Amino acid sequence: MKDINQIIHQPIRLKILSSLAVLKEKESADFMFLKKIIKTTDGNLGAHLHQLEKVGYIKLEKKFINLKPKTLIQLTKTGRDAFQEYVKNLQSILNIKEKL
Amino acid sequence: MDQKEAIKSLNEIQKAISHMKDAIESKPLAYIFFNQAVICIIGFLGYQLFPIYSIYIWGIVLSIGSITSYLLSTRIKKKVQSLFFIRYRIYWFINIVFAFVFWFILSLNINYFAIYLSLFFSLGFTVFGLWISKIHLIVGILLGIFSLIGWLFLNNIYGYWIAATCGICLFLSGLFLLLKNKK
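Sequences listed follow chains A and B, in order.
Going left to right, the first sequence walks through residues 1 to 100 as the numbering used here numbers them.
Going left to right, the second sequence walks through residues 1001 to 1183 as the numbering used here numbers them.
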């Protein structure tokens, strides 16, 4: 039995990482946009993002775009690797080799 | 973790990925396809109905179309700091400028303007498709085929033909992108 990364395994965090994994390296998503995609509240998303940032899976950047404050979220290399590892572990449980 | 839970997690991942792709690429690209369909229809109908003024009609239509495409792709920039639409805009800008510069360099007869432009679009979509997206490649090849069929067999109604085929092809591509991630 494979060890499953419990930080990623939580449903909201899994959604966050899956969504961010679509973006290419150096690309980032806006907090409000991610909230809409994940379908959760500001507080809940913020708390999970904070946990993911603490383990180095994501990077949060605060910026002013057109004089409005924005929080941009980017998946780090560590986060991408951990997510891929997590997917591989799930696939190995099911004995499948296909790539997502 | 058991297999049931693994399947559930993989499904959640797939759902999140397709939801995100839909939001950042498919939807905006679909609206850009609709915009390009309108550009094609107006431009080629203009060519058929007012051939002498077609180069001016195209100039106006492409300018308005480029601004609309720019605004559509800018909307996504507010949500995602992505390079995709920046590349897309630069690519089409260079293409259109090249199309007009080459036209003046070659000094072709105005009768060749429509086939020249439709083949240029076809090439533009094909190259972009080879570079980034499969649907653009299919659209590019189809436009090339329709252009040649029209030029060889339907020369008198070329403008109508290419407006219809090009318009439908682009409109259906947009529709496909809008519906592909819906369940």
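Backbone N, C-alpha and C fix where the C-beta goes; we use that ideal spot for every residue, glycine too.
Small disclaimer: the values here were computed from a predicted structure and weren't measured.
{"Check": "Give the C-beta separation of A:I12 and A:T40 to the nearest angstrom, bearing in mind that I take them to be a contact with Cβ-Cβ under 8 Å.", "Outcome": "6 Å"}
{"Check": "Taking Cβ-Cβ distances shorter than 8 Å, what residues in chain B pair up with A:K15?", "Outcome": "E1012 and A1016"}
{"Check": "Identify the continuous alpha helix (DSSP H) that holds B:L1143 and give its terminal residues.", "Outcome": "K1134 to F1153"}
{"Check": "Using the Cα positions of B:L1062 and B:L1117, report the straight-line distance between them to the nearest angstrom.", "Outcome": "11 Å"}
{"Check": "Using the beta-carbon of each residue, which ones in chain B are nearer than 7 Å to A:L90?", "Outcome": "A1006, S1009 and L1010"}
{"Check": "Looking at chain B, which residues of the stretch 54–85 of chain A have a Cβ within less than 7 Å of any of its Cβ atoms?", "Outcome": "L72"}
{"Check": "Kindly examine the ligand PLP and report whether one of its heavy atoms sits closer than 7 Å to the Cβ of B:W1092.", "Outcome": "What this structure holds is no ligand at all, so the ligand PLP is not there to describe."}
{"Check": "Going along chain A in order, which residues have a C-beta closer than 7 Å to the C-beta of B:A1023?", "Outcome": "I37"}
{"Check": "Under the rule that 16 or more other beta-carbon atoms within 10 Å means buried, what is B:E1025, buried or exposed?", "Outcome": "buried"}
{"Check": "Just curious, the alpha helix (DSSP H) that B:N1005 is in, first and last residue?", "Outcome": "For clarity, residue 1005 of chain B is Glu in the given sequence; the question names Asn instead. Unbroken alpha helix (DSSP H) run through B:E1005: Q1003 to K1021."}
{"Check": "Please state whether the Cβ-Cβ distance between B:Q1258 and B:G1159 is less than 8 Å.", "Outcome": "Given that chain B is displayed from residue 1001 to residue 1183, the structure contains no residue 1258 of chain B and the question cannot be resolved."}
{"Check": "Counting pairs of Cβ atoms below 8 Å between the stretch 1134–1148 of chain B and the stretch 1083–1091 of chain B, do you hit three or more?", "Outcome": "no"}
{"Check": "Whose Cβ in chain B lies nearer than 8 Å to the Cβ of A:L52?", "Outcome": "Under the 8 Å cutoff, chain B gives no residues; its nearest Cβ is about 14 Å from A:L52."}
{"Check": "Please confirm if B:H1136 has its CB atom under 8 Å from at least one CB of chain A.", "Outcome": "no"}
{"Check": "List the residues of chain B that A:I4 touches, going by C-beta distances under 8 Å, in chain order.", "Outcome": "M1001"}
{"Check": "Which residue from B:P1051, B:W1161 and B:W1092 puts its Cα closest to that of B:F1113?", "Outcome": "B:P1051"}
{"Check": "Please report whether the beta-carbon of A:I93 lies at a distance below 8 Å from any beta-carbon of chain B.", "Outcome": "yes"}
{"Check": "Given 8 Å as the limit, is there contact between the stretch 34–51 of chain A and the stretch 12–21 of chain A, that is, 3 or more CB pairs closer than that?", "Outcome": "yes"}
{"Check": "Using alpha carbons as the reference points, say which of A:D30, A:Q10, A:L34 and A:K77 lies closest to A:F64.", "Outcome": "A:D30"}
{"Check": "Looking only at its chain, what residues have a beta carbon closer than 8 Å to the beta carbon of A:L52, apart from the 5 residues adjacent to it on each side?", "Outcome": "I7, R13, I16, L17, I58 and G79"}
{"Check": "Could you tell me whether the Cβ atoms of A:N95 and A:I4 are closer together than 8 Å?", "Outcome": "no"}
{"Check": "Could you give the uninterrupted runs of the alpha helix (DSSP H) lying entirely in the stretch 6–41 of chain A, keeping only those of 4 residues or more?", "Outcome": "6–9, 11–22 and 31–38"}
{"Check": "Do B:S1173 and B:F1033 count as a contact pair if the criterion is CB distance below 8 Å?", "Outcome": "yes"}
{"Check": "Thinking just about the alpha-carbon of each residue, which of B:R1089, B:A1023, B:V1101 and B:L1178 is nearest to the one in A:F33?", "Outcome": "B:A1023"}
{"Check": "Pick helix, strand or coil for A:K77, following the three-state DSSP scheme.", "Outcome": "helix"}
{"Check": "Please report the residue range of the beta strand (DSSP E) in which A:L60 lies.", "Outcome": "I58 to I65"}
{"Check": "Since B:W1151 and B:I1110 are thought to touch, with beta carbons under 8 Å apart, how far apart are those beta carbons, to the nearest angstrom?", "Outcome": "Actually they do not touch by this definition, with Cβ atoms about 15 Å apart."}
{"Check": "Determine the DSSP secondary structure at A:K68, reduced to helix, strand or coil.", "Outcome": "strand"}
{"Check": "Below 8 Å between beta carbons: does that hold for A:G56 and A:T76?", "Outcome": "yes"}
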